[in-house]
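Structure, as structure tokens:
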Amino acid sequence: MSFTLRQLEIFVEAAKDENFRKTADRLGIAQPSISKHIKALERTAGGVLFTRERGSAARLSPLGKDMLARAHSMLKMAGKMRDGSQALPPLRLAAGAYLLDQWLRPIVRDLLPHYELPEIQFASAEDGDAVRALLRAGEADCGFYHGDAVPTSGFATRKLRDTTVGLCAAPALAAKVRHLPADLEACPFILSPVGSDAERYQRQQLEAVGVRPRMVAARSQYSEYQLELVLAGRGVGLLFDDDTRAHVAAGDLVRFPLSFVGGMRCMVTSLSTPPDPRHSRAIDLICGRLSAASTRAAT
1 MSFTLRQLEI FVEAAKDENF RKTADRLGIA QPSISKHIKA LERTAGGVLF TRERGSAARL
61 SPLGKDMLAR AHSMLKMAGK MRDGSQALPP LRLAAGAYLL DQWLRPIVRD LLPHYELPEI
121 QFASAEDGDA VRALLRAGEA DCGFYHGDAV PTSGFATRKL RDTTVGLCAA PALAAKVRHL
181 PADLEACPFI LSPVGSDAER YQRQQLEAVG VRPRMVAARS QYSEYQLELV LAGRGVGLLF
241 DDDTRAHVAA GDLVRFPLSF VGGMRCMVTS LSTPPDPRHS RAIDLICGRL SAASTRAAT
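According to the UniProt record's numbering, the sequence shown is numbered sequentially starting from 1.
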């Protein structure tokens with residue numbers, strides 16, 4: 001039988017998760033790519049490797065269980081044949097949805113054509129505490145979050161960039177706001193999901209300047225979609241200045257003259273289980289990009 005190492009690697013990871021979407025998110029690749037590799041492997045193996053039904057886990061078939069044992073053996077042998085050295089483990093990065101989708105995945109895609117990087121896997125963690133929990137459990141090598149770079153026992157925290165937020169609206173909606181902050185309370189707002197850390201942060205920031213939203217037009221866990229809704233005039237949104245600066249300059253958004261407490265973009269690692277030293281260059285490249293301002297332009 002003829003298999004590619006990549007097909008075997010993806011098959012092994014998919015067998016761990018029993019969910020192709022979860023595997024795709026963790027490996028930072030598209031779900032159709034996972035399915036494509038699995039189908040190619042199934043054609044070569046001569047049968048179905050997973051039993052899959054809508055809404056249920058993708059569990060190994062009898063052929064899949066046999067193939068998994070063989071895949072582990074072949075991948076182990078391939079690692080020994082490379083150069084006799086210990087195989088480089090994947091670099092596992094943990095962060096929230098905003099940093100994963102808006103920064104880390106695009107950064108890695110940009111770096112790949114120009115640098116030799118290790119395999120990079122992504123893990124979702126809602127906030128700094130969740131990032132540290134993954135590090136403490138040995139499920140991530142380094143993590144990134146927005147917040148304070150406060151010293152935490154057992155962890156090394158590195159400040160990458162100061163971050164600021166601003167309250168923005170499309171010009172037509174902003175024109176209805178003549179008195180700050182009073183007129184804002186009658187405006188529709190775009191917020192994060194109810195009860196999430198992101199929503200609590202938004203409400204705390206708004207209440208600090210005297211704004212208590214009474215009408216929520218839409219909610220999304222994705223900051224890029226919140227930005228799209230604000231640009232479309234659906235509501236007022238508290239957004240990162242890095243994401244709105246170009247739109248404000250182009251006249252597509254109005255940033256209200258209200259001041260909010262800023263934060264920091266931070267990287268954190270565990271002192272007891274630090275990243276593999278061979279990952280240091282990749283981590284430095286990624287941190288360098290995270291330290292920069294957004295290069296996204298208004299369209």
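The beta-carbon is built from N, C-alpha and C at its ideal position, and this holds for glycine as well. It should be emphasised that the depicted structure is a prediction, and the values quoted were computed from it without experimental measurement.
Straight-line Cα distance separating residue j from residue i
{"i": "Gln-31", "j": "Asn-19", "result": "10 angstroms"}
{"i": "Thr-44", "j": "Glu-53", "result": "22 angstroms"}
{"i": "Thr-269", "j": "Pro-275", "result": "7 angstroms"}
{"i": "Tyr-201", "j": "Val-236", "result": "15 angstroms"}
{"i": "Asp-101", "j": "Leu-227", "result": "14 angstroms"}
{"i": "Asp-242", "j": "Met-67", "result": "47 angstroms"}
{"i": "Ala-232", "j": "Lys-76", "result": "52 angstroms"}
{"i": "Lys-22", "j": "Asp-162", "result": "31 angstroms"}
{"i": "Ala-71", "j": "Leu-117", "result": "23 angstroms"}
{"i": "Ser-35", "j": "Phe-11", "result": "10 angstroms"}
{"i": "Lys-159", "j": "Gly-288", "result": "11 angstroms"}
{"i": "residue 300", "j": "Ala-175", "result": "Summary: the structure shown does not reach residue 300, with the chain confined to residues 1 through 299, and so no result is reported for it."}
{"i": "Ala-125", "j": "His-179", "result": "39 angstroms"}
{"i": "residue 306", "j": "Met-74", "result": "Residue 306 cannot be examined here, being either before or after the span of the chain that is shown, 1 to 299."}
{"i": "Leu-285", "j": "Pro-62", "result": "43 angstroms"}
{"i": "Asp-141", "j": "Ala-24", "result": "19 angstroms"}
{"i": "Pro-181", "j": "Arg-214", "result": "13 angstroms"}
Close Cβ partners of residue i (< 7 angstroms) along its chain, the five nearest in sequence each way excluded
{"i": "Ile-120", "result": "Gly-28, Pro-90, Leu-91, Leu-93, Val-108"}
{"i": "Gln-7", "result": "His-37, Ala-40, Leu-41"}
{"i": "Leu-184", "result": "Val-177, Val-211, Val-236"}
{"i": "Leu-111", "result": "Leu-117, Leu-285"}
Cutoff 8 angstroms; reference residue i; Cβ partners in own chain excluding five residues on either side
{"i": "residue 336", "result": "Residue coverage of the chain in this structure runs from 1 to 299, which leaves residue 336 outside it and unanswerable."}
{"i": "Thr-264", "result": "According to the sequence displayed, residue 264 carries Met and not Thr. Hits under 8 angstroms: His-146, Gly-147, Asp-148, Ala-149, Lys-159, Leu-160, Arg-161, Asp-162, Thr-163."}
Cross-strand partners of residue i (DSSP beta bridge)
{"i": "Leu-229", "result": "For Leu-229, which the question treats as bridged, DSSP gives no partner whatsoever."}
{"i": "His-37", "result": "Paired residue(s): none; His-37 is not in a bridge."}
{"i": "Phe-155", "result": "Ser-270"}
{"i": "Tyr-145", "result": "Cys-266"}
{"i": "Leu-238", "result": "Leu-167"}
{"i": "Val-216", "result": "Phe-189"}
{"i": "Val-254", "result": "Ala-169"}
{"i": "Arg-161", "result": "Arg-265"}
Cut-off 6 angstroms between Cβ atoms - residues of its own chain near residue i, not counting five sequence neighbours on either side
{"i": "Thr-273", "result": "Gly-138"}
Any contact of the region 246–265 with the region 185–193, i.e. 3+ C-beta pairs under 8 angstroms?
Remark: fewer than three beta-carbon pairs, one from each stretch, lie closer than 8 angstroms, so the region 246–265 and the region 185–193 are not flagged as touching.
Determine contact between the region 142–155 and the region 216–223, defined as no fewer than three beta-carbon pairs at a distance below 8 angstroms.
Under the 8 angstroms Cβ criterion, the region 142–155 does not count as touching the region 216–223, having fewer than three qualifying pairs.
Cβ pair count under 8 angstroms reaching 3, the region 138–145 against the region 114–129:
Cβ pair count under 8 angstroms is three or more, so yes.
What runs of the alpha helix (DSSP H), each 4 residues or longer, lie entirely inside the region 46–123?
Fully enclosed alpha helix (DSSP H) runs of 4 or longer: 62–83, 105–111.
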